[in-house]
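In order, the protein sequences belong to chains A, B, C and D. Heads up: the first sequence at position 60 corresponds to 1220 in the numbering used here, and the numbers run straight through without jumps. Heads up: the second sequence at position 113 corresponds to 1273 in the numbering used here, and the numbers run straight through without jumps. Heads up: the third sequence at position 178 corresponds to 1338 in the numbering used here, and the numbers run straight through without jumps. Heads up: the fourth sequence at position 252 corresponds to 1412 in the numbering used here, and the numbers run straight through without jumps.
4 protein chains.
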Amino acid sequence: MPSLATKTIDINCDLGESFGAWHMGDDAALLAVVSSANIACGFHAGDPDIMRRTVALAVQHGVAIGAHVSLPDLQGFGRREMAVTPAEAYAMTLYQIGALHAFAHAAGTRLHHVKPHGALYNMAARDARLAQSIAEAVRDFDASLWLFGLAGSELVDAGRNAGLQVASEAFADRGYRADGSLQPRKEPGALITESDEAIAQAMAMAREGRVRAVDGNIVELQADTLCVHGDGAHAVAFARNLHAALEAAGITIAAPGANA
Amino acid sequence: MPSLATKTIDINCDLGESFGAWHMGDDAALLAVVSSANIACGFHAGDPDIMRRTVALAVQHGVAIGAHVSLPDLQGFGRREMAVTPAEAYAMTLYQIGALHAFAHAAGTRLHHVKPHGALYNMAARDARLAQSIAEAVRDFDASLWLFGLAGSELVDAGRNAGLQVASEAFADRGYRADGSLQPRKEPGALITESDEAIAQAMAMAREGRVRAVDGNIVELQADTLCVHGDGAHAVAFARNLHAALEAAGITIAAPGANA
Amino acid sequence: MPSLATKTIDINCDLGESFGAWHMGDDAALLAVVSSANIACGFHAGDPDIMRRTVALAVQHGVAIGAHVSLPDLQGFGRREMAVTPAEAYAMTLYQIGALHAFAHAAGTRLHHVKPHGALYNMAARDARLAQSIAEAVRDFDASLWLFGLAGSELVDAGRNAGLQVASEAFADRGYRADGSLQPRKEPGALITESDEAIAQAMAMAREGRVRAVDGNIVELQADTLCVHGDGAHAVAFARNLHAALEAAGITIAAPGANA
Amino acid sequence: MPSLATKTIDINCDLGESFGAWHMGDDAALLAVVSSANIACGFHAGDPDIMRRTVALAVQHGVAIGAHVSLPDLQGFGRREMAVTPAEAYAMTLYQIGALHAFAHAAGTRLHHVKPHGALYNMAARDARLAQSIAEAVRDFDASLWLFGLAGSELVDAGRNAGLQVASEAFADRGYRADGSLQPRKEPGALITESDEAIAQAMAMAREGRVRAVDGNIVELQADTLCVHGDGAHAVAFARNLHAALEAAGITIAAPGANA
């Protein structure tokens, strides 16, 4: 039975990650399940045509549209850290937000949020100066945009300092350390491969704001938005199961700031 | 002596054409002379950092900012025609306008116009369907933007059909044919290399809306904006001389739609 | 029963067309069926890692390795014609051959052929000057390489004129016109979608050097190598069926110049 | 007066660093002064046309040709460190060597050496695993190629371990630390801006194999090749002065392994 004070959580997913002739992800199926979409802006994936089509699809499904801004690295899919300066991060963030904004605007809607992708996300989680430059780019474009960042990260702090609304992101399928940071991918327990376990983790995050760390400790964790992955064989099935489990628990699924 | 009804003309120039470590053009000097700037958007030149700096420089000089949208061809500097579909042209135009808009908006100003660059400009001058897709991208982003196109071209028609304000562009230093089209670069008389001759041609365009074609005929030509080139040894000197000659003739130099 | 004078034909396929995180084609399955592989060189698909892996796979299967050289257009997958100069075509061909050569050489093997891809293939089929520049790049790298080109095309002529061994390519699943050229994709009969019909066409090409044109005429056609496509749901099944049909007819399947 | 045992040193310079319409460096002037050229291979600078022209120019001047292999980062000119894997470094090195080899081979000459550029150079200087992968790529392409690396670096060791001939590189215009490493660019004394001082440092390196570190200590330093920079207002003048000073001291200027 839902609590009297209804809980709300967002489910976000990375979308529009095809490029040219190359296809990636089942965007239409995922858009039926998520409440917010992080759309690639051409730097790690996506091209103008794909951005246009992905925005149109998100509009059809009533899903909030975010710019998934990245380092400029198509071959590496934005997953390779690069030593960019804060000024470069500022400019590339602004560029990509603007590009996606154009498609949203032409489609009669507007951007809802910005989420750094891949290596830029990880760098901005721990590098306060870089995080600041990204947050300032978001603010300078539109101070009403939400900034999505890893819960407890420098990026979340930088967003607040820049006067932005921030959504703390949590992962159903990633292991956490006792300090609330993600278990590095090379360490044991980094990935939760059992669907039931991942859903249980997500439920604890959504209902209690807690997660059991890989060392067994219970950690407080702000979870405004849950990330589900778009690739992998079971991505869509998992997202559907997560959606159903949250709804069954009376939790409203909605993008941050949306009137549910 | 100036006519009682003061004439106005725009001088536009392609700017922000550096890329990464490579420098091109004397943007600061040119911005002191022109009334509108076509700023590269990353597809043929320009990168996010350079776009940010070029927009800041244009703001300092009070010059109208336009998106210089291009085919995606850095190596070819956007000068090689590519068989893009109208849908691709639409999307790439929207993308680039949005990217430059972000820098203009963050700098506290707004875009004034859009001008296709190089091969896309030439293709849009003669291909009505391509021209339409570009005009629609401009309109779908912001119907108050000006569209710059070759005088008498399909692009100018497409802009009008899309409900845009259009500026017909004329070239001081290019030879014209009797039908008002540009003399192809491989033909005799395609380029006017004498500065005095080019300025005389520009003056006839600005004052009388006429040009003497390479075959000696006088051709009517709408000239709302004169293009000056940013590269070449004498680019800045020529632009200054043109500016001075127009002012001396009592012609107001201002971006289309500007209150002079 | 095979004829006394055994016929030989090559089956070639475009491979290594993944890029970064994006996957395309079932290379391993196709390599079990074809006798020569056209490997993407990074300009329309492929990246250094994928090139390395694809070469290794081709070596495992004993398949002849060719450089699938392309216009520089990742987003368009090399399928958009671009107005490149002969000098540019020469240099981009040489560059890509060299890059693939490095992987072949490091893997202890050598290149067998060069085939232009997509738009460059089509342009080189009809533009003698462009074809010449490609043929000269191949010759200047290694005059013992085979050049693959559309049967009856300018590229085949240019290869011969440059002193190269040429393989005339025919398509099982494309309609032909009475002059031996391909029926344009927008015209009726351009694509043969029935597998049986495509195999019948291939058999006629391989056995008799003939094809029935879309207007019903029988056309003489040199067919040294048959192209099978790597993408599409039935690509592998079709390639296997073609392979089996050719073998059943006693036709040897081998790369041009190979000792069967 | 030259010593009886004549000393030999190489002067190398980064060349072919233009890209498309963008020009960088006075390659012809520098080629008249240096004994080996590191030619950009398209990843940080250079394109196929420029590589072809630069190779031709190097051949004209009888300068040894090396592949200047880089991280894939045109916008950052290969100067931004990227988290590439050893396998990626191996493949990108092989790719670029092959590409340049094609132009050298077509021009009737052959590659002499390989030198990583910018961020890849710095990363390979301190990361043994990355250095190994680069050295192995060089060896797998041609075990007779020289590998240029920072004197005392992991790259030099990796080259030796891979059985390559290595040239230890020293910088006339960079400050050194007491351990023989370069003074980081942000520290005092990192750059030697006085031409006379830089030439004095080069002379000490060439004649005595020593350099005075920023802390005043004298450090032993293997200096097989001196790097002169191609950009900057005084690049050519400095290279000429260095060349003249070395010759005046009876030191032979020649590429490693060359018969002077």
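Every residue, glycine too, gets a C-beta built ideally from N, C-alpha and C. Quick caveat: nothing in here was measured; it's all calculated off a predicted structure.
By the beta-carbon neighbour count (other beta carbons within 10 angstroms, threshold 16), D/Glu1296 is buried. Put simply, of D/Asp1391, D/His1265, D/Thr1412 the residue whose alpha carbon is nearest the alpha carbon of D/Glu1177 is D/Asp1391. Across the structure, C/Leu1315 and D/Pro1208 are spaced so that their CA atoms are roughly 21 Å apart. Restricting attention to alpha helix (DSSP H) runs no shorter than 4 residues, the stretch 1176 to 1252 of chain A encloses them at 1187 to 1191, 1208 to 1220, ordered along the chain. Linking D/Leu1310 to D/Asp1170 through their CA atoms gives a straight-line distance of about 14 Å. With respect to the 7 Å criterion, C/Ile1199 and C/Ala1249 are not classified as neighbours on the basis of their beta carbons. Between C/Ala1227 and C/Leu1280, the C-beta gap is not smaller than 7 Å, which leaves the two residues out of contact.
Restricting attention to D/Ser1304, D/Met1283, D/Phe1331, the CA atom closest to the CA of D/Arg1320 is found in D/Ser1304. Annotated as distal: B/Ser1313 and B/Gln1382, with beta-carbon spacing of 7 Å or more.
Under the 7 Å criterion on CB atoms, C/Glu1347 is classed as non-interfacial with respect to chain B. Within chain D, Pro1232 have C-beta atoms less than 7 Å from the C-beta of A/Gln1235, given in sequence order. Under the DSSP assignment, A/Glu1368 falls in the alpha helix (DSSP H) whose first and last residues are 1355 to 1368.
With contacts defined as CB atoms closer than 7 Å, A/Gln1343 and A/Ala1350 qualify as a contacting pair. Shortest Cα-Cα distance from D/Met1365 to any of D/Thr1385, D/Ala1188, D/Asp1356, D/Pro1232 involves D/Thr1385.
Around the beta carbon of B/Pro1348, fewer than 16 other beta carbons lie within 10 angstroms, which makes this residue exposed. Counting the other CB atoms within 10 Å of its CB gives C/Ile1210 a total of 16 or more, which places it among the buried residues. Only those residues of the stretch 1245 to 1258 of chain D whose C-beta falls short of 7 Å from the nearest C-beta of chain C are listed: Ala1247, Glu1248, Ala1251, Met1252, Leu1254, Tyr1255, Ile1257, Gly1258.
Close partners of C/Ala1227 in chain D (Cβ separation under 9 Å) are lacking, with about 10 Å as the shortest Cβ gap. In terms of beta-carbon proximity, A/Asp1317 stays away from the interface with chain B, with every pair separated by 7 Å or more. If you look at A/Ile1378, you'll find it in the beta strand (DSSP E) that goes 1378 to 1380.
Distance from the CA of C/Asp1356 to the CA of C/Arg1239, rounded to the nearest whole angstrom, comes to 28 Å. In the three-state scheme derived from DSSP, where H, G and I count as helix and E and B as strand, D/Asp1317 is classed as helix. B/Pro1344 has a beta carbon lying at 7 Å or more from every beta carbon in chain A. Listed along chain B, the residues sitting closer than 9 Å to C/Ala1243 by beta-carbon distance are Gly1236, Arg1239, Arg1240, Glu1241, Met1242, Ala1279. Within the stretch 1288 to 1310 of chain B, the residues whose Cβ lies closer than 7 Å to any Cβ of chain A are, in chain order, Asp1300, Phe1301. Classified as exposed, C/Gly1222 has fewer than 16 neighbouring CB atoms from the shown chains inside 10 Å of its CB. Taken in chain order, the members of the stretch 1257 to 1274 of chain D whose beta-carbon sits within less than 8 Å of a beta-carbon on chain C are Ile1257, Gly1258, Ala1259, Leu1260, His1261, Ala1262, Phe1263, His1265, Ala1266. One finds Ala1251, Tyr1255 in chain C with Cβ atoms closer than 8 Å to the Cβ of D/Met1211, taken in chain order. When only Cα atoms are considered, B/Ala1373 and B/Tyr1336 end up about 5 Å apart.
Take A/Thr1253, set aside five residues on each side of it, and the residues of its chain with a beta-carbon closer than 6 Å to its own are Val1229, Ile1294, Ala1297, in chain order.
Membership of C/Gln1325 in the beta strand (DSSP E) is indicated by the continuous run 1325 to 1331. Identification of chain A residues near C/Gly1390 by a Cβ-Cβ cut-off of 8 Å yields none; the smallest Cβ-Cβ distance measures about 12 Å.
Among the CB atoms of chain B, none fall inside 7 Å of the CB of D/Gly1176. Sequence-distant partners of B/Arg1345 (beyond 5 residues in either direction) whose C-beta falls short of 8 Å from its own C-beta, in its chain, are Leu1351.
Residue pairing by DSSP places A/Thr1385 opposite A/Asp1170, A/Glu1329 in a beta bridge.
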